[in-house]
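A quick write-up on the structure given underneath.
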Amino acid sequence: MTKIINAAIVGTGFIGPAHLEALRRLPNIEVKALCEVDIELAKEKAATLGIPKAYTFEEMLGDPSIDVVHICTPNFLHFSQSKEALLAGKHVVCEKPLATKIEEAKELVSLAKEKGLVNAVHFNLRYYPMVRQMKNMREKGELGDIYSIMGSYLQDWLFLQTDYNWRLEPDKSGDSRAIADIGSHLLDLTEYVTGLQVTEVMADFSTVHKTRLKPLKAIETYSGKMLQESDYEEVPINTEDHATVMLRFDNGNKGSVTVSQVNAGRKNRLNIEIAGSKSNFEWCSEKPNELWIGKREKANQHLMKDPSLFHKEAAGLISFPGGHNEGFPDTSKQMFKEVYAAVREGKQPDKPSFPTFEDGYRELLICERIIESHRKQAWVKI
Ligand SMILES: NC(=O)c1ccc[n+]([C@@H]2O[C@H](COP(=O)([O-])OP(=O)(O)OC[C@H]3O[C@@H](n4cnc5c(N)ncnc54)[C@H](O)[C@@H]3O)[C@@H](O)[C@H]2O)c1
């Protein structure tokens with residue numbers, strides 16, 4: 000009989016339940032336990048989400064039947080929780096960013112290597128079938144030499160001065176916000192698809208709302224009511240709402256990325272255009288099943304997600320026939336399929352197909368250099 004792999008989820012706000020749902024769509028995995036900020040909330044969440052055990056973090060680590068721990072908490076907890084989970088002999092899937100400081104990420108990479116345990120960072124956007132298809136097309140020479148890359152990741156959930164979240168507080172989120180939160184996905188995807196490495200960055204940040212109005216009580220308690228001036232406290236904001244970064248790549252060519260969390264109407268829109276000597280690819284995460292392929296000497300093409308039209312490796316990330324759209328929740332399912340195959344083997348593969356703690360470290364390194372570049376207003380080498 001196939002062994003059931005037991006998982007625990009730490010943090011069940013937005014992304015924790017997305018991990019849960021993805022794991023429930025895969026065979027022979029049980030999400031056995033969850034941990035929350037306190038045990039009362041853990042019990043409440045366990046009942047709502049239908050998870051058998053509500054544990055404190057220490058109780059969860061002490062349960063030998065838990066094989067894998069998913070860290071889905073605010074950024075500042077990723078380092079300590081991943082470290083303790085590895086020390087307790089658990090395989091770890093950590094949310095991005097891997098840590099808030101580069102030294103911490105480095106420590107996690109060596110600890111994971113020393114333990115030989117499976118380690119992954121949830122750069123799930125790599126798992127849109129079209130993203131893998133772009134990578135495969137580039138590997139097979141269909142893009143040609145890469146001339147330039149232009150990326151953007153735009154959101155509007157922090158558009159208003161009254162929009163507030165822990166991500167606005169550097170002690171919880173880190174010294175960068177838009178770049179660390181969404182720029183990390185975009186930069187990871189850029190290097191993943193193109194196979195190029197960013198070698199130098201020149202960044203300029205802007206904090207559009209220099210102060211924000213922080214609710215004095217939990218937002219839910221206001222549901223259905225108008226907020227009064229006395230319900231807010233005005234707090235200074237030190238992290239970026241918007242950033243533009245010019246990039247130099249190791250093939251000698253250039254590119255740029257722009258990220259913003261204050262672009263009205265852009266809900267969660269990653270767009271990337273990669274210009275090559277044979278074609279030009281444009282892909283947008285809000286229409287993930289479509290790829291525009293630009294041509295100079297013949298008509299442009301429009302590829303739709305369809306396993307029969309994809310390269311074999313990319314077709315492996317497709318669960319439904321052409322015309323049946325797959326989206327954000329499917330990316331985690333496809334990623335965990337690869338991660339849990341490694342868990343079943345009991346160790347990190349020599350060449351993992353999934354994003355690892357090393358990739359998490361790389362993103363932190365790029366992010367740190369981007370912050371340094373903005374502060375110095377100068378080009379900085381990675
Ligand atoms: N890969 C993605 O696409 C993606 C998307 C969203 C968020 N994220 C990442 O996931 C993480 C969580 O983001 P979110 O949007 O779900 O945040 P959230 O605020 O919605 O959820 C965080 C959860 O962690 C819990 N928590 C806080 N302290 C805890 C503690 N000490 N122990 C256990 N639980 C604790 C909170 O109660 C809450 O339930 C962030 O690091 C973020 O960068 C990734």
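Numbering (numbering that gives the first Met the number 0), first residue to last: 0 to 381.
For every residue, glycine included, the Cβ atom is placed at its ideal position computed from N, Cα and C.
What you are looking at is a predicted structure, and each value in this text was computed from that prediction instead of being measured.
- Any idea what DSSP makes of Val342, helix, strand or coil? Your numbering for residue 342 matches position 343 in the sequence shown. Looking at Val342 - three-state DSSP - the assignment turns out to be helix.
- Note down, in chain order, each residue of its chain lying with its Cβ closer than 6 Å to the Cβ of Gly182, except the 5 sequence neighbours on either side. What you label residue 182 is simply residue 183 of the sequence shown in a count that begins at 1. The beta carbon of Gly182 sits closer than 6 Å to those of Val258, all from its chain and outside the five residues before and after it, given in chain order.
- Message: Going by beta-carbon coordinates alone, are Glu83 and Leu116 separated by less than 8 Å?
- Response: One-based indexing of the sequence shown puts residue 83 at position 84. One-based indexing of the sequence shown puts residue 116 at position 117. With respect to the 8 Å criterion, Glu83 and Leu116 are not classified as neighbours on the basis of their beta carbons.
- Query: Who are the Cβ neighbours of Tyr126 in its own chain at under 7 Å, not counting the five residues just before and after it?
  - Reply: The residue labelled residue 126 in the question sits at position 127 within the sequence shown. Leaving aside the five residues that flank Tyr126 on each side, the residues in its chain whose CB is nearer than 7 Å to its CB run, in chain order, Leu316, Thr330, Gln333, Met334.
- Are the beta-carbon atoms of Cys419 and Val9 separated by less than 8 Å? Outside the shown range of the chain, which is 0 to 381, sits residue 419, and nothing can be said about it.
- Task: Indicate the three-state DSSP secondary structure (helix, strand or coil) for Met129 in the structure shown.
- Result: Here the question's residue 129 lines up with position 130 in the sequence shown. Met129 carries a helical assignment under DSSP once its states are collapsed to helix, strand and coil.
- Query: Who are the Cβ neighbours of Glu232 in its own chain at under 7 Å, not counting the five residues just before and after it?
  - Reply: Within the sequence shown, the letter at position 233 stands for residue 232. Around Glu232: Lys213, Leu215.
- Query: How is Cys71 classed by DSSP in three states: helix, strand or coil?
  - Reply: In the sequence shown, residue 71 corresponds to position 72, counting from 1. Of the three classes helix, strand and coil, the one that applies to Cys71 here is coil, per DSSP.
- Message: Within a Cβ cutoff of 6 Å, which residues of the same chain sit near Arg24, ignoring the five residues on either side of it in sequence?
- Response: Start at 1 with the first residue of the sequence shown, and residue 24 comes out as number 25. Cβ within range, chain order: Lys332.
- Task: State yes or no: is the C-beta of Glu325 within less than 8 Å of the C-beta of Asn288?
- Result: Sequence index remark: in the sequence shown, residue 325 carries index 326 (1-based). Sequence index remark: in the sequence shown, residue 288 carries index 289 (1-based). Remark: C-beta atoms of Glu325 and Asn288 approach each other more closely than 8 Å.
- Query: Going by the beta-carbon positions, is the gap between Ile273 and Leu142 smaller than 8 Å?
  - Reply: Locating residue 273 in the sequence shown gives position 274, counting from the first residue. Locating residue 142 in the sequence shown gives position 143, counting from the first residue. Yes, the pair counts as a contact, with Cβ atoms nearer than the cut-off.
- Message: Among Gly12, Glu371, Ser352, whose alpha-carbon lies nearest the alpha-carbon of Val200?
- Response: Here the question's residue 200 lines up with position 201 in the sequence shown. Comparing Cα positions, the closest option is Glu371.
- Query: Nearest to Leu76 by alpha carbon, out of Asp170, Tyr152, Ser109?
  - Reply: What you label residue 76 is simply residue 77 of the sequence shown in a count that begins at 1. Nearest C-alpha to Leu76: Asp170.
- Query: Which class does Val120 belong to by DSSP, given the choice of helix, strand or coil?
  - Reply: On the sequence shown, position 121 is the one that residue 120 refers to. Strand, per DSSP.
- Item | Ser172 to Thr206 span [Cα, whole Å] | For this step, residue 172 is matched to residue 173 along the sequence shown. For this step, residue 206 is matched to residue 207 along the sequence shown. If you take the alpha carbons of Ser172 and Thr206, they lie about 15 Å apart.
- Query: Looking at C-alpha atoms only, which residue of Thr161, Gln154, Leu246 is the closest neighbour of Thr198?
  - Reply: The count along the sequence shown starts at 1 and reaches residue 198 at position 199. Nearest of Thr161, Gln154, Leu246 to Thr198, Cα basis: Leu246.
- Message: Can you find the residues in the same chain that come closer than 7 Å, C-beta to C-beta, to Leu363, ignoring five residues on each side of it along the sequence?
- Response: Within the sequence shown, the letter at position 364 stands for residue 363. Closer than 7 Å at Cβ, skipping near neighbours: Pro96, Leu97, Ala98, Ile101, Ala104.
- Query: For ligand 1, any of its heavy atoms closer than 7 Å to the Cβ of His69?
  - Reply: Counted from its first residue, the sequence shown places residue 69 at position 70. No, ligand 1 has no heavy atom inside 7 Å of this Cβ.
- Item | As assigned by DSSP and simplified to three states, the class of Val261 | Start at 1 with the first residue of the sequence shown, and residue 261 comes out as number 262. Here Val261 carries a coil assignment [DSSP, helix/strand/coil].
- Item | Enclosing alpha helix (DSSP H) for Pro169 [first to last residue] | Stepping through the sequence shown from its first residue, residue 169 is reached at position 170. Taken as a continuous stretch (DSSP letters only), the alpha helix (DSSP H) holding Pro169 covers 169 to 172.
- Query: Out of Ala202, Leu157, Arg131, which has the shortest C-alpha to C-alpha gap to Glu190?
  - Reply: The sequence position of residue 190 within the sequence shown is 191, counting from 1. It is Arg131.
- Given 8 Å, three or more beta-carbon pairs between the stretch 347 to 362 and the stretch 45 to 58: By the C-beta criterion, the stretch 347 to 362 is judged not to be in contact with the stretch 45 to 58, since fewer than 3 inter-stretch pairs fall below 8 Å.
- Write down the C-beta distance between Ala313 and Val244 rounded to the nearest angstrom, noting that I regard them as a contact closer than 8 Å. As a position in the sequence shown, residue 313 is number 314, starting the count at 1. As a position in the sequence shown, residue 244 is number 245, starting the count at 1. Wrong, their Cβ atoms sit about 28 Å apart, outside the cutoff.
- Task: Note down, one range per segment and in chain order, each beta strand (DSSP E) of at least 3 residues found wholly within the stretch 160 to 220.
- Result: The stretch 160 to 220 contains these whole beta strand (DSSP E) runs: 197 to 205, 210 to 214.
- Item | Cβ neighbours of Thr220 in the same chain (closer than 7 Å, five flanking residues each side left out) | By 1-based counting over the sequence shown, the position of residue 220 is 221. Reliability of the predicted coordinates at Thr220 is poor, the pLDDT of 49 falling under 50, and the value obtained from them is presented with this limitation in mind. Answer for Thr220: no residue qualifies.
- Message: For the structure I just gave you, are there three or more beta carbon pairs, one from the stretch 137 to 151 and one from the stretch 264 to 282, closer than 8 Å?
- Response: The stretch 137 to 151 is in contact with the stretch 264 to 282.
- Query: With 16 other CB atoms within 10 Å as the buried threshold, where does Lys139 fall?
  - Reply: Your numbering for residue 139 matches position 140 in the sequence shown. The residue is exposed, with fewer than 16 neighbouring Cβ atoms inside 10 Å.
- Since Val91 contacts Val68 with CB under 8 Å, what's their CB separation in whole angstroms? For the purposes of this step, residue 91 is taken as the residue at position 92 of the sequence shown. For the purposes of this step, residue 68 is taken as the residue at position 69 of the sequence shown. Contact between Val91 and Val68 is confirmed by a C-beta separation of about 5 Å, below the 8 Å threshold.
- To the nearest whole angstrom, what separates the beta carbons of Ile65 and Ala111, a pair I think is in contact under 8 Å? To locate residue 65, count along the sequence shown from 1; it is residue 66. To locate residue 111, count along the sequence shown from 1; it is residue 112. The beta-carbon distance between Ile65 and Ala111, rounded to whole angstroms, is 17 Å. This is too long to meet the 8 Å contact definition.
- Message: Given the structure, does Asp358 come close to ligand 1, in the sense that its CB is under 7 Å from one of the ligand's heavy atoms?
- Response: On the sequence shown, residue 358 is found 359 positions in, with the first residue counted as 1. Proximity of the beta carbon of Asp358 to ligand 1 is not indicated: no heavy atom of the ligand is located closer than 7 Å.
- Task: Can you tell me which of Phe319, Ala242, Glu296, Lys294 puts its alpha carbon nearest to the alpha carbon of Met303?
- Result: Residue 303 sits at position 304 when you count from the first residue of the sequence shown. Checked all of Phe319, Ala242, Glu296, Lys294; the closest Cα to Met303 is Phe319.
- For the candidate residues Ala17, Ile369, Met133, whose alpha-carbon lies nearest to that of Asn123? Residue 123 sits at position 124 when you count from the first residue of the sequence shown. When C-alpha distances from Asn123 are compared across Ala17, Ile369, Met133, the shortest belongs to Ala17.
- Could you tell me which of Asp62, Arg265, Ser284, Asn164 sits nearest to Gln154, measuring between CA atoms? Against the sequence shown, residue 154 aligns to sequence position 155. Checked all of Asp62, Arg265, Ser284, Asn164; the closest Cα to Gln154 is Arg265.
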